[in-house]
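Counting with my numbering, you get residues 78 to 317 for the letters of the sequence shown.
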Amino acid sequence: ITMFMALTLLCFVLAEAHPRHRRRYLLLMYAAAAFGVLTKGPVAVALPALVVLVYLAVERRLADLRRMMIPAGIAIVAGIVLPWYLAIYAQHGWVHIKEFFIDENLMRYAQPVGAPRRGVLFYLPVLFSDLFPWSLLLPVALAAAWPSLAHRGSAEPAGRVRRILLLWIAVIVVFFSFSRTKQDLYIFPIVPAEAALVGVVLASAARRVEVPLRWSLAAAGVVVTVAGAALLAWFVLPAR
């Protein structure tokens with residue numbers, strides 16, 4: 078689900094960054110979302126759609142919804158998803174479909190299922206755990222990208238991309254923060270956006286302090302490798 082949602086995000090970013098090829102990337106975006114639906118259900122369409130809606134509202138471009146090729150998108154999603162569900166219905170009737178859509182999706186959001194009660198701030202530490210150790214740079218990356226929100230509506234491509242990435246993270250985290258069932262893996266689709274923002278910071282730093290950064294990253298790589306080997310030995314060796 079993270080892979081297909083990341084592809085959905087990537088295609089939308091490319092559609093925004095390359096207006097001449099917008100139609101191609103939007104069609105690919107809908108295909109990626111459809112395969113996400115096959116993987117994990119309607120959340121693969123609902124969350125990206127919510128992010129796009131918030132982004133267009135922030136950009137004061139809600140009229141651009143007419144340019145999102147929504148009828149074609151519905152046809153693509155239906156063409157990819159419906160054969161599977163028609164086959165499931167032919168074999169099992171509505172039982173499997175109801176259990177998946179209602180019990181495994183809506184009910185998990187509306188009431189706690191198989192997990193302890195967790196507060197609205199549960200996902201804040203998860204922001205840092207899923208991308209560790211690179212998430213140590215996440216506060217710097219978010220601070221560097223934050224000014225792009227002040228220039229919303231700007232046509233500058235890099236600023237638009239940063240705003241999309243920030244909103245991708247914010248919308249998904251806020252959405253699941255109000256879910257009654259909370260699991261750390263629910264917000265894993267934000268990791269590609271986090272990685273992109275951290276990558277911008279690393280690339281910028283590399284241009285300014287290329288040699289020191291190389292040595293620092295080499296040292297960090299050695300430390301992480303040694304620590305990983307030690308942990309692996311600890312859990313794998315007999316009697317541990």
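Glycine included, each C-beta is placed from N, C-alpha and C at the ideal position. Note that the coordinates shown come from a computational prediction; the quantities given were computed from them, not determined experimentally.
Report yes if the CB atom of residue i is closer than 8 Å to the CB atom of residue j, and no otherwise.
| i | j | result |
| --- | --- | --- |
| residue 165 | residue 108 | no |
| residue 86 | residue 270 | yes |
| residue 121 | residue 82 | yes |
| residue 172 | residue 111 | no |
| residue 185 | residue 116 | no |
| residue 301 | residue 208 | no |
| residue 254 | residue 236 | no |
| residue 151 | residue 162 | no |
| residue 199 | residue 215 | no |
Looking only at its chain, what residues have a beta carbon closer than 6 Å to the beta carbon of residue i, apart from the 5 residues adjacent to it on each side?
| i | result |
| --- | --- |
| residue 218 | 274, 275 and 278 |
| residue 242 | 270, 273 and 274 |
| residue 244 | 128, 131 and 132 |
| residue 211 | 275 |
In this structure, does DSSP put residue i in helix, strand or coil?
| i | result |
| --- | --- |
| residue 95 | coil |
| residue 216 | helix |
| residue 174 | helix |
| residue 146 | coil |
| residue 314 | coil |
| residue 210 | coil |
| residue 199 | coil |
| residue 292 | helix |
| residue 253 | helix |
| residue 190 | coil |
| residue 78 | coil |
On the premise that residue j lies in contact with residue i, defined as a C-beta separation below 8 Å, what is that separation, rounded to the nearest angstrom?
| i | j | result |
| --- | --- | --- |
| residue 178 | residue 118 | 7 Å |
| residue 146 | residue 100 | 7 Å |
| residue 91 | residue 102 | 4 Å |
| residue 261 | residue 203 | 5 Å |
| residue 239 | residue 222 | 4 Å |
Please report whether the beta-carbon of residue i lies at a distance below 8 Å from any beta-carbon of chain C.
| i | result |
| --- | --- |
| residue 225 | This model lacks chain C altogether; it includes just one protein chain. |
What residues in its chain sit with their C-beta under 7 Å from that of residue i, if we drop five residues either side in the sequence?
| i | result |
| --- | --- |
| residue 234 | 94 |
| residue 78 | 113, 116, 117, 121 and 266 |
| residue 189 | 257 and 258 |
Skipping 5 residues on each side, what residues in its chain have a beta carbon closer than 8 Å to that of residue i?
| i | result |
| --- | --- |
| residue 124 | 82, 248, 249, 252 and 266 |
| residue 256 | 185, 186 and 263 |
- Query: Between the segment 234-251 and the segment 126-145, do at least 3 Cβ pairs fall closer than 8 Å?
  - Reply: yes
- Query: Should the segment 94-109 be regarded as contacting the segment 294-306, the criterion being three or more beta carbon pairs within less than 8 Å?
  - Reply: no
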